[in-house]
Amino acid sequence: MISKKGKVFFKYPKKGLLTDNKAREIIELLEIKTREDCEKLRNEIKNRRSLLRENRPIKKWIKEERPREMLVKNGSESLPLSKLLAIILRTGREGISAEELSKRLLNKFGALRKIDTATISEIREIEGIGLAKAAQIKAALELGKRLYKETAGRKRKIKKPDDLIEYVSEYYGPYLRDSAKEFFHVILLDIKNKPIDNVEISKGSINASVVDPKDIVKEATIRSASSIILVHNHPSGETEPSQEDKRLTKSIIDACELIGVKVLDHIIIGKNQEDYFSFAKNGLIK
3 MISKKGKVFF
13 KYPKKGLLTD
23 NKAREIIELL
33 EIKTREDCEK
43 LRNEIKNRRS
53 LLRENRPIKK
63 WIKEERPREM
73 LVKNGSESLP
83 LSKLLAIILR
93 TGREGISAEE
103 LSKRLLNKFG
113 ALRKIDTATI
123 SEIREIEGIG
133 LAKAAQIKAA
143 LELGKRLYKE
153 TAGRKRKIKK
163 PDDLIEYVSE
173 YYGPYLRDSA
183 KEFFHVILLD
193 IKNKPIDNVE
203 ISKGSINASV
213 VDPKDIVKEA
223 TIRSASSIIL
233 VHNHPSGETE
243 PSQEDKRLTK
253 SIIDACELIG
263 VKVLDHIIIG
273 KNQEDYFSFA
283 KNGLIK
């Protein structure tokens, strides 16, 4: 149905125009008097058709609108989050398409980072998402984090403090920013300041009984590291070091000096990329 120059037309698909009498009856029945009335009705029909489509299985959509076919034709970067998630979910449930499920998921959590930190049980609270679909979502997000970490791990040598901050942020950010636990890691560097390895020293509250400087000395010795970088997070998101953080850092520096290994920095990661505390930048490590 279209409106042109104030006149309303009705058309059957592939059957041409309706008779004038029939069209007049429909116009009167729908109370269409102006072009605006016509456009309003067109939009209402369009919205209802869209709603019906979303609640139908994706395999019954026209091919051009199916997420998988859109990805193949236009590339993954062209798809919105709801369609990418729909591809991961693969199927919906009776009366709910996979894309509608993905929209409910995004509406509940708001962002991928929130979905990533959610538990399987929390994701399953969404009607239509069971154990299998929740596991698919968590697996896909973990693959993304590992790709990001793998890319950061191939970085060139660290030449200046900003290189160090960038490396730590990219390598550890996806894992530590939203973690509910404290992690303590050590980055081992060779004589050219290229990362040799990244080692998890502890998981949990950071204190003398959890992080033992001897463990760090051992890792540095085994891998023949010339220098190291200490990295940990605060689940609260606060980056200001505690007195215990400062005490522990000094103990590690003293222990590493005995084997000729220099501690370049100790970085505390916050919730966002720009949120961090560098002991070196703040004069706590010379």
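So the number in our numbering is just where the residue sits in the sequence shown, counting from 1, plus 2. Heads up, the beta-carbon is just placed ideally off N, CA and C, and yes, glycines get one too.
Buried or exposed: where does residue i fall if 16 or more other Cβ atoms within 10 Å of its Cβ makes it buried?
i	result
V188	buried
R68	buried
S238	exposed
V74	exposed
T251	buried
S211	In this prediction, S211 scores a pLDDT of 45, lower than 50, which makes its location untrustworthy; the coordinate-derived value is nonetheless stated afterwards. The residue in question, S211, is exposed, as its Cβ has fewer than 16 Cβ neighbours within 10 Å.
L133	exposed
A113	exposed
I139	buried
A141	exposed
I89	buried
L145	exposed
K159	exposed
K162	exposed
G130	buried
K248	exposed
S229	buried
K85	buried
G94	buried
E102	buried
Please report the residue range of the beta strand (DSSP E) in which residue i lies.
i	result
V213	Here V213 belongs to no beta strand (DSSP E), and DSSP marks it neither H nor E.
K205	197-205
I189	185-191
My assumption, with CB atoms under 8 Å, is that residue i sits in contact with residue j. Please give the rounded CB distance.
i	j	result
E276	H236	With a Cβ gap of about 15 Å, E276 and H236 do not count as contacting.
I231	V170	7 Å
S104	L87	3 Å
I271	Y174	6 Å
R126	A136	5 Å
A100	L91	4 Å
I198	R225	5 Å
D118	L83	Between L83 and D118 the Cβ distance is about 13 Å, and since that is not below 8 Å, they are no contact.
I128	K110	6 Å
Less than 7 Å separating the beta-carbons of residue i and residue j?
i	j	result
I261	V219	yes
A222	V263	yes
F186	P243	no
D267	L166	yes
P215	S181	no
V233	I269	yes
C40	I47	no
Less than 7 Å between CB atoms is the rule here; does residue i satisfy it with respect to chain D?
i	result
K85	Note that chain D does not occur in the displayed structure, where there is just one protein chain.
Unbroken beta strand (DSSP E) runs of length 3 or more, entirely within the region 259-288: which are they? 264-271, 278-280
Which ranges would you report for the alpha helix (DSSP H) in the region 75-124 if only whole runs of at least 4 residues count? 83-91, 100-111, 114-119
Going along the chain, which unbroken runs of the beta strand (DSSP E) with 3 or more residues stay wholly within the region 212-257? 229-235
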